[in-house]
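Its first residue numbered 78, the sequence shown is counted upward by one per residue in the working numbering. Beta carbons are placed, not taken as given, at the ideal position from N, Cα and C, and that holds for glycine. Below is one structure, written out as structure tokens; the observations come after it.
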Amino acid sequence: MRKIVFILTAAIALSSCSLDISDTKTVIISVALDYCAEDGFSQGNYLSNPPNDQEAFVSQTELLAGPRNTEKHIFLSKGGTRTVNGTESEWNEEDVLETIMNLDTESDDLIIFYYSGHGEDITGNLVLSKSDNGFGTISPEELLYAMSTLDGKKCIFLDSCYSGKYVDDLGLLGNGEIFGDDGSLIRDGFVSSLYPSLKISLLAGYTGSNDIWTMSATTSEQLSYDSGTEGRPNQDKYGAFTYFLLLALGYDAEEDCPMAITGRGEITFYGVYKGIKERMSRSMWSVQTPQVTLSPLDLILF
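So this is what it looks like as structure tokens:
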């Protein structure tokens with residue numbers, strides 16, 4: 078829990094970006110791939126859980142959105158068949174980026190991008206297709222630029238190897254953790270994180286208008302696992318990171334279904350991160366350490 082404390086207490090008081098949901102919409106762009114051989118990938122690339130990750134994440138966030146209008150763009154590759162919003166379509170990485178950049182959003186809309194699949198070593202690129210020319214990917218620069226063109230409150234969740242690169246590339250300072258040569262977490266950097274948090278909180282004229290709140294499953298050097306091993310209810314069905322993300326959003330793991338939150342108050346971006354850290358075991362956190370961008374503003378999601 079220590080790592081979230083500096084975000085919540087470094088400034089005199091954290092502001093929140095709240096939404097008047099009566100006339101706003103939630104836009105969900107989700108991409109998930111299981112990389113079957115029929116889709117151009119070898120069986121060695123196979124991941125079983127991204128389709129489940131996507132279905133549960135979208136259903137939970139759609140339920141939480143409640144009275145808001147919800148606009149969905151669901152890109153799925155499952156068993157070698159590609160679909161967009163359930164309709165068969167040979168989509169690729171360019172289609173995903175074009176979809177994002179063609180969104181019609183306003184300043185109070187909430188835009189969520191969620192990805193579950195492979196990430197490339199070193200670059201962190203999201204791997205969306207394969208051809209004779211190699212892999213088709215979305216780089217941190219491409220995704221962050223596409224999101225930056227939109228009006229609204231923008232949020233990214235990435236369940237892939239090396240996905241911390243997307244947090245690094247935002248240039249909003251590191252989380253202050255200290256890692257060993259193998260990429261495993263040695264200790265949380267509470268003290269080293271405090272100064273950067275204060276610095277960014279006290280920037281003159283800061284408005285947060287161009288923020289992209291980004292949360293990754295790992296650092297830029299770690300692997301993201303297809304499932305956790307703690308034996309929790311239905312844990313084997315979901316990505317190790319996504320499972321705890323779902324729990325933090327209120328998903329009912331025992332019944333394996335979305336669940337509305339009652340009496341819990343607002344769900345915020347950093348609150349979700351705190352919920353993940355509280356639920357994820359230290360042993361898993363050490364080898365797969367979720368990362369978040371630093372901002373003096375906490376985003377109210379639902």
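Closest by CA to residue i, which one among the options?
i	options	result
Glu132	Ser358, Tyr320, Asp186, Thr291	Tyr320
Asp116	Val204, Arg356, Tyr243, Ser154	Ser154
Gly185	Glu331, Lys231, Leu110	Residue 185 is actually Asp in this sequence, not Gly. For Asp185, the nearest C-alpha among the options comes from Lys231.
Glu343	Arg356, Glu331, Ala325, Asp333	Ala325
Leu235	Leu187, Leu374, Thr103, Leu110	Leu110
Val108	Phe190, Met178, Leu220	Phe190
Tyr302	Tyr239, Leu140, Ile289, Gln368	Tyr239
Glu175	Ala223, Gly157, Gly156	Ala223
Lys102	Cys113, Pro144, Ser125	Pro144
Ser206	Asn122, Glu183, Asn146	Asn122
Count the other CB atoms within 10 Å of the CB of residue i; is the residue buried (16 or more) or exposed (fewer)?
i	result
Asp100	exposed
Glu42	Coverage of the chain is limited to positions 78 through 379, which leaves residue 42 absent and any answer about it impossible.
Ile199	exposed
Gly59	Nothing can be reported for residue 59: it is not among the residues displayed for the chain, which extend from 78 to 379.
Glu355	exposed
Gly305	buried
Asn126	buried
Glu167	exposed
Ala114	exposed
Taking DSSP as the reference, what is the three-state secondary structure of residue i?
i	result
Ile177	helix
Glu328	The question names Glu, but residue 328 in the sequence shown is Tyr. In the structure shown, Tyr328 sits in coil (DSSP, three-state: anything other than H, G, I, E or B).
Asp313	helix
Gln120	helix
Gly213	strand
Leu374	strand
Ser95	Bear in mind that a pLDDT of 48 at Ser95, under 50, signals an unreliable position, so the number given afterwards is only what the model happens to contain. DSSP places Ser95 in coil when its eight states are reduced to three.
Leu187	strand
Tyr320	helix
Leaving aside the five residues before and after residue i along the sequence, list all residues of the same chain whose C-beta is less than 7 Å from its C-beta, in chain order.
i	result
Lys276	Any reading at Lys276 needs caution, since the residue's pLDDT is 49, under 50, leaving its predicted position unreliable; the model's value is listed next. Excluding sequence neighbours, Lys276 sits near nothing in its chain.
Met178	Ala223, Thr226
Along the chain, where does the alpha helix (DSSP H) containing residue i start, and where does it finish?
i	result
Phe346	346-356
Asp130	127-142
Tyr243	241-245
Met336	No alpha helix (DSSP H) contains Met336, which DSSP labels as neither H nor E.
Ser363	359-364
Skipping 5 residues on each side, what residues in its chain have a beta carbon closer than 8 Å to that of residue i?
i	result
Gln137	Leu323, Leu326, Gly327, Tyr328, Pro335, Met336
Glu307	Ser358, Met361
Asn129	Lys314, Tyr315
Please go through the same chain and pick out, in chain order, the residues whose beta-carbon is closer than 6 Å to the beta-carbon of residue i, but skip the five residues on each side of it.
i	result
Lys149	Ile105
Asn202	Thr214, Ser216
Val244	Thr291, Ser293, Gln368, Thr370
Phe212	Val204
Ser372	Asp288
Could you check where the beta strand (DSSP E) with residue i kicks off and where it finishes?
i	result
Arg159	158-161
Ser208	203-208
Phe152	146-155
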